[in-house]
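**Student:** To get my numbering, take the position in the sequence shown, counting from 1, and add 227. Cβ coordinates follow ideal geometry from the N, Cα and C atoms, glycine included.
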Amino acid sequence: MNWERVLKETQAIKASSVLSTGESRDFLFRARKLEELENISQMLHKDSKALAERDAEVLKAQKKLVHDLDARPPIQEDKTLTEGLREWKEHIKQQEDLLATTASDMNKVMVEPVKKLINVFPAIQTAIRKRNHLLNEYDKCQQKVDKQKKKERTGPNLVKLDTLQKALNNAKEEFESENTALCKKMSDLYEQRTQYILPSVHALINLQTRQLGETYRACVEIEKHFKSPNPINPNPTDRHTLTDKNRFQEFKALSIV
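(1) Report back the beta-carbon spacing between L261 and L416 to the nearest angstrom; my notes put them in contact at under 8 Å.
(2) For N359, I'd like the list of residues in its chain whose CB is within less than 7 Å of its CB, leaving aside the five on either flank, ordered along the chain.
(3) Helix, strand or coil, according to DSSP, for S247 in the structure here?
(4) Just mark H294 as buried or exposed, buried being the case when its beta carbon has 16 or more other beta carbons within 10 Å.
(5) Here's the rule: buried if 16 or more other CB atoms are within 10 angstroms of the residue's CB, otherwise exposed. What is F402?
(6) Identify whether I240 lies in helix, strand or coil by the three-state DSSP scheme.
(7) Applying the criterion that 16 or more other CB atoms from any shown protein chain within 10 Å of the CB defines a buried residue, is C446 buried or exposed?
(8) In this structure, how does DSSP classify D274 when only helix, strand and coil are distinguished?
(9) Is the beta carbon of Q375 less than 8 Å from the beta carbon of K387?
(10) Report yes or no: do three or more beta-carbon pairs, one from the stretch 277 to 295 and one from the stretch 328 to 340, lie closer than 8 Å?
(11) What are the complete beta strand (DSSP E) segments, minimum 3 residues, inside the stretch 278 to 333?
(12) Smallest Cα separation from D324: which of I449, Q438, Y365, D253?
(13) May I have the straight-line CA-CA distance separating H391 from V372, to the nearest angstrom?
(14) Are there 16 or more other CB atoms within 10 angstroms of the CB of I351, so buried, or fewer, so exposed?
(15) Just verifying my parser: in three-state terms, what is the DSSP assignment at Q419?
(16) Contact between the stretch 334 to 352 and the stretch 247 to 255 is defined here as three or more beta-carbon pairs at a separation below 8 Å; is this criterion met?
(17) Please state the DSSP three-state secondary structure of T224.
(18) Can you give me the Cβ contacts of I459 inside the same chain, cut-off strictly under 6 Å, excluding the 5 residues immediately before and after it?
(19) Could you spell out the range, first to last residue, of the alpha helix (DSSP H) harbouring R192?
(20) Considering only the beta carbon of each residue, do L271 and I355 sit closer than 8 Å?
(21) Given this structure, state the Cα-to-Cα distance separating L234 from Q321, to the nearest angstrom.
(22) The alpha helix (DSSP H) with K219 in it runs from where to where?
(23) In the structure shown, what three-state DSSP assignment does E403 receive?
Spelled out as structure tokens, the structure:
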């Protein structure tokens, strides 16, 4: 079931003889707000799951980068870089454990609560369709009564009118009971949306703060191993140029003026 079908059915009976245009418009507005809330919940659920997946992709990219660097002979010959890569590998192992914990906690504090919220909407849609059906029956009963009242007031017609009036009263009572309960449920669900989801958002922020904080501290430690106290050696061409200049100065000092 989807909202498009439910809203279409609801809008089709807005011209009911037993319900004012304002009442019909108000109910349709409530239903559309819930449709919007479900769409937002679906997006939040999808993005929450994708967040953990993207963190895993970043870690996978780090592992590949370290592996590629570790296979380079120049890196293997440099003790400083080798030590830095060792620390980086250790950090990746810690990150794997941290991400596993974070993903599990994220599922508990965000993904599962949002999923529970999403699961509420099919029952609401079913209730709306039931309400619409009862409204249609109520409207039909009212039309039958109105039609019967126009007939001649004979004995048989009055008996039939009485029967139709009882059916109308029952249909009215059943519809109003269902409609009142449903409107309250719809209003409560929409008004409590912030109270329901806010704790999950706060918990998610705390999880991300913890994860990113630990990641930052680890990166600072790794960076220390890649910083060399010695200045960077010039490239081979520069070394040759310096050597040639030194030799020229030596030859010039030996020359006889």
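**Tutor:** Based on what the coordinates show:
(1) Between L416 and L261 the Cβ distance is about 7 Å, and since that is below 8 Å, they are a contact.
(2) Around N359: E236, T237, I240.
(3) Three-state DSSP puts S247 in coil, outside helix and strand.
(4) Result: exposed.
(5) F402 counts as buried, since at least 16 other C-beta atoms from the protein chains shown sit within 10 angstroms of its C-beta.
(6) Coil at I240, not helix or strand.
(7) C446 should be labelled exposed.
(8) Helix.
(9) Cβ distance < 8 Å, so Q375 and K387 count as in contact.
(10) With three or more CB-CB distances shorter than 8 Å, the stretch 277 to 295 counts as touching the stretch 328 to 340.
(11) DSSP runs (the beta strand (DSSP E)) wholly in the stretch 278 to 333: none.
(12) Closest option to D324, Cα to Cα, is Q438.
(13) Note that residue 391 is Leu in the sequence shown here, rather than His. Roughly 6 Å separates the two Cα atoms.
(14) Label assigned to I351: buried.
(15) When DSSP states are grouped into helix, strand and coil, Q419 belongs to the coil group.
(16) No contact exists between the stretch 334 to 352 and the stretch 247 to 255.
(17) In the structure as shown, the chain starts at 228 and stops at 484, and residue 224 therefore has no counterpart that could be examined.
(18) Note on I459: pLDDT 46, under 50, position unreliable in the model; the coordinate value appears next. Correct list: empty, nothing qualifies.
(19) The chain is shown only over 228 to 484; residue 192 falls outside these bounds and no answer can be derived.
(20) Here L271 is not near I355, since their CB atoms are 8 Å or more apart.
(21) The alpha-carbon atoms of L234 and Q321 are separated by roughly 51 Å.
(22) The requested residue 219 is not part of the displayed model; the chain covers only 228 to 484.
(23) Looking at E403 - three-state DSSP - the assignment turns out to be helix.
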